[in-house]
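Working notes, structure below.
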Amino acid sequence: MSKIQQTLSIIKPDAVERNLSEEIKNEFKNNNFDILKEKKVKISKSEAEKFYQVHQSKPFYNDLCEYLSSGPIVVMVLEKNDAILENRKLMGATDPIKAEEGTLRKKYGISIDKNSVHGSDSLDNAKIEIDFFFKD
Ligand code: CMP
């Protein structure tokens with residue numbers, strides 16, 4: 002049975018820089034996601050390191066954190082039935098070259114780093130990631 006869930010979505014610097022934020026937000030709305038919260042921020046490298054700490058042992062960790070902190074991003078809390086899985090389907094594979102036709106990363110992504118959007122990969126991580134940006 003499907004369940005209402007919330008997930009964290011980030012429109013990454015490459016997409017914000019190309020003025021794609023409104024277009025990407027409309028993709029979420031057209032796919033029946035409710036955008037419950039939204040803000041545009043620029044985070045520091047150390048904040049990016051904290052956000053991506055699950056990847057700290059990966060060879061791409063440093064570049065990833067440099068990148069996420071390189072320019073403004075739009076962070077959103079999205080809600081829908083099965084939001085986590087549905088958002089991952091809408092985003093497509095991490096590497097835009099491998100992403101299916103019609104997915105956000107296929108449409109907008111430039112490379113595996115500049116892949117335009119991030120989405121939480123599990124319910125536990127969604128809670129952690131939403132708190133990271135929206136706990137006050
Ligand atoms: P994201 O969903 O934001 O989660 C971690 C990010 O690391 C991922 O998107 C990619 O942009 C980036 N990344 C860079 N290299 C790799 C890789 N080899 N495998 C997975 N993710 C990578």
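The opening residue of the sequence shown carries number 2 in the numbering used here; numbering runs sequentially from there. Yeah, the Cβ is synthetic: ideal placement off N, Cα and C, and Gly gets one too.
Among the options, nearest to residue i - alpha-carbon criterion
i: S121; options: G93, I98, K41 and E18; result: G93
i: I131; options: L79, K26 and G103; result: L79
i: N116; options: N33, L37, Q7 and L21; result: L21
i: D15; options: A49, F134, K136 and R106; result: R106
i: T95; options: S3, E28, Y109 and F29; result: Y109
i: V55; options: I12, F134 and N126; result: N126
i: K4; options: K30, V17 and K81; result: K81
i: L69; options: F135, I113 and M2; result: I113
i: I111; options: H119, D83 and P97; result: P97
i: K51; options: C66, F29 and A100; result: C66
i: K90; options: V118, P73 and S47; result: V118
Where residue i sits in the DSSP three-state scheme
i: M2; result: coil
i: D35; result: strand
i: I131; result: helix
i: I113; result: coil
i: K136; result: coil
Assumed close pair residue i, residue j - CB separation to whole angstroms, cut-off 8 Å
i: V148; j: V75; result: What is shown of the chain runs 2 to 137, which leaves residue 148 out entirely.
Completely contained beta strand (DSSP E) runs for the segment 43–88, where each covers 3 or more residues: 74–82
Listed by chain order, which residues have C-beta atoms less than 6 Å from any heavy atom of the ligand CMP? H56, F61, L65, T95, I113, D114, N116 and H119
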